[in-house]
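Residue numbers (the numbering used here), protein chains in the order written: chain A, 1088 to 1371; chain B, 925 to 1181.
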């Protein structure tokens, strides 16, 4: 009886958690090889060759990886600095609640807000004009839909930095870094030695899984680069959806090639991150 | 004398955090804010009155979002909790957990694009049920992973104790497991509600523009360059999560995934 109910539970888990992913991946593979699809006629490597030859996917992958890395570097670095300097103040009731507020901002709102502030007709452009720094909107620097993805990085940082501040605060308390720092100082360590040998190693070691996970999330982010990105190169998800949803039916398979490569990369990352047994990482 | 710069930085921090909220609220009251003016032509309740009149369907979108998010949160919390027991007591729990991570870390919009064919065949394309099912598929792995820390040795010992004392499986579940899991269930409900509430890409693919949640509305207003209604939609989008955060901030980092 017990085994029967456990088998039903396991079956349901496979049905909800595994089958949809397998079906989506299988469909994308079949489409990418021309086996299915409205205008496809049968197995071909043509779409894979086209995607590899054009190099657009790889350019987009590199572009997304650089943006995700810079955003994460600013967010994690900024959060560490805030915890190092303002930890005690952030524990006060008012500031403690305030620091949770950015978690209520979804990606689409962060993108909208960034657009309103930094576009050529936006809030800062108006201030610049009224201060006499610029005379037309054109003179205001490109900060959204720009070549260096400044707008995307700003929006990503708006969302990710507050999360890491709260995470590091929590790890700081749970791992009793305060006590360990006092102990290190009592044993003769200097302030910067405490930071380098106690504070940073513990915080980063306990949260590295989440930092890598956030890198993967940012790599596949959609709405922020859709609103704040430029035409080319585009971030991965935007490029994949553009290819899959385009009107030229003969090109849709190329979109699925990109989707398959992206899924394989993410799946391998998950295997590397979560299959080896880890000790002491700050995980579930 | 050394200048204490901390109060300035902290004030800046408070301003930076509160500014987006204040800006969105003010923008939602405005109209006729043309470049290079710093002050708009009109500032008042006109935009908000319009949504109460349901002229732009924002109130409808709010309730659609609410129904979708509540459904997703309830279903994924319950299934996640019930099925997580089997997964985390299973001898091959590491492999099963790994399988759970695949849909969790894949971009939802790409997942939806690859699944859309099946949704079309099942008649789940372009309707609220389809969006709920699609969002459930990404909220469920989160819920499952969320409960991974719950099924530990302590809980197992309680279960064994109840069985030893003659308690039935139903009694064990109702009298012991549920009371112990209450705060985590509540927390998971809040988190999955937020996953659904904030979701844009997957909803746009499976809803094909027919299911207009608030995130879809914000994007539509941006495309129409109607920033005042866009800000209003943003306000409706961010204030319910603020209320939820107030109630559950204590638990947010108990189970980061």
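Glycine is no exception: its CB is placed at the ideal position from the N, C-alpha and C atoms. Model, not experiment: these values are computed from the prediction.
Is the CB-CB distance between residue i and residue j below 8 Å?
i, j, result
"residue 1202 of chain A", "residue 1194 of chain A", "no"
"residue 1151 of chain A", "residue 1297 of chain A", "no"
"residue 1058 of chain B", "residue 1000 of chain B", "no"
"residue 1040 of chain B", "residue 1129 of chain B", "yes"
"residue 1244 of chain A", "residue 1162 of chain A", "yes"
"residue 959 of chain B", "residue 1174 of chain A", "no"
"residue 1027 of chain B", "residue 1061 of chain B", "yes"
"residue 1198 of chain A", "residue 1310 of chain A", "yes"
"residue 949 of chain B", "residue 1159 of chain B", "yes"
"residue 1146 of chain B", "residue 1314 of chain A", "yes"
"residue 1240 of chain A", "residue 1158 of chain A", "yes"
"residue 1170 of chain A", "residue 1259 of chain A", "yes"
"residue 1126 of chain B", "residue 1035 of chain B", "yes"
"residue 938 of chain B", "residue 1188 of chain A", "no"
"residue 1115 of chain A", "residue 1343 of chain A", "yes"
"residue 1112 of chain B", "residue 1346 of chain A", "no"
"residue 1303 of chain A", "residue 1262 of chain A", "no"
"residue 1120 of chain B", "residue 988 of chain B", "no"
"residue 1005 of chain B", "residue 1097 of chain B", "no"
"residue 1120 of chain A", "residue 1130 of chain A", "yes"
For a test of the three-state rule: what should DSSP assign to residue i, helix, strand or coil?
i, result
"residue 954 of chain B", "strand"
"residue 1184 of chain A", "helix"
"residue 1343 of chain A", "helix"
"residue 1334 of chain A", "coil"
"residue 1235 of chain A", "coil"
"residue 1309 of chain A", "coil"
"residue 1108 of chain B", "helix"
"residue 1322 of chain A", "coil"
"residue 1370 of chain A", "Reliability of the predicted coordinates at residue 1370 of chain A is poor, the pLDDT of 44 falling under 50, and the value obtained from them is presented with this limitation in mind. Of the three classes helix, strand and coil, the one that applies to residue 1370 of chain A here is coil, per DSSP."
Using only the alpha-carbon positions, how far apart do residue i and residue j sit?
i, j, result
"residue 1368 of chain A", "residue 1293 of chain A", "Per-residue confidence for residue 1368 of chain A stands at a pLDDT of 47, beneath the threshold of 50, marking its modelled position as unreliable; no derived number is given."
"residue 990 of chain B", "residue 928 of chain B", "47 Å"
"residue 1118 of chain A", "residue 1127 of chain A", "8 Å"
"residue 1264 of chain A", "residue 1248 of chain A", "21 Å"
"residue 897 of chain B", "residue 1122 of chain B", "Since the first and last residues shown for chain B are 925 and 1181, residue 897 of chain B lies out of range."
"residue 1271 of chain A", "residue 1281 of chain A", "7 Å"
"residue 1103 of chain A", "residue 1065 of chain B", "9 Å"
"residue 965 of chain B", "residue 985 of chain B", "28 Å"
"residue 1331 of chain A", "residue 1339 of chain A", "5 Å"
"residue 1138 of chain B", "residue 982 of chain B", "7 Å"
"residue 971 of chain B", "residue 954 of chain B", "8 Å"
"residue 1170 of chain B", "residue 1156 of chain B", "22 Å"
"residue 1080 of chain B", "residue 1094 of chain A", "19 Å"
"residue 1164 of chain B", "residue 1359 of chain A", "37 Å"
Could you pull the start and end residues of the alpha helix (DSSP H) that residue i belongs to?
i, result
"residue 1124 of chain B", "Segment: none, residue 1124 of chain B is in no alpha helix (DSSP H) and carries neither H nor E."
"residue 1084 of chain B", "1077-1088"
"residue 1122 of chain A", "Unbroken run through residue 1122 of chain A: none, as it is neither H nor E."
"residue 1003 of chain B", "982-1013"
"residue 1279 of chain A", "1278-1281"
"residue 1131 of chain A", "Looking at the DSSP string, residue 1131 of chain A is not in any alpha helix (DSSP H), and its letter there is neither H nor E."
"residue 1024 of chain B", "1017-1029"
"residue 1047 of chain B", "Here residue 1047 of chain B belongs to no alpha helix (DSSP H), and DSSP marks it neither H nor E."
"residue 1150 of chain B", "Segment: none, residue 1150 of chain B is in no alpha helix (DSSP H) and carries neither H nor E."
"residue 1174 of chain A", "1143-1177"
"residue 1263 of chain A", "It is not in any alpha helix (DSSP H) - residue 1263 of chain A carries neither H nor E in the DSSP assignment."
Quick check on residue i - is its C-beta less than 8 Å from some C-beta in chain B?
i, result
"residue 1310 of chain A", "yes"
"residue 1225 of chain A", "no"
"residue 1217 of chain A", "yes"
"residue 1096 of chain A", "yes"
"residue 1340 of chain A", "no"
"residue 1324 of chain A", "yes"
"residue 1290 of chain A", "no"
"residue 1350 of chain A", "yes"
"residue 1167 of chain A", "no"
"residue 1120 of chain A", "no"
"residue 1195 of chain A", "yes"
Please decide whether residue i counts as near chain A, where near means a Cβ-Cβ distance under 8 Å.
i, result
"residue 1030 of chain B", "yes"
"residue 913 of chain B", "Only positions 925 to 1181 of chain B appear in this structure, which leaves residue 913 of chain B out of reach."
"residue 1180 of chain B", "Only weak support exists for where residue 1180 of chain B lies, its pLDDT of 48 falling under 50; the coordinates are left without a value."
"residue 1043 of chain B", "no"
"residue 1026 of chain B", "yes"
"residue 1001 of chain B", "no"
"residue 960 of chain B", "yes"
"residue 1154 of chain B", "yes"
"residue 1015 of chain B", "no"
Exercise. What residues in the region 928-958 of chain B bring their beta carbon closer than 8 Å to a beta carbon of chain D?
Worked result: No chain D appears in the structure shown, which is made up of the protein chains A and B.
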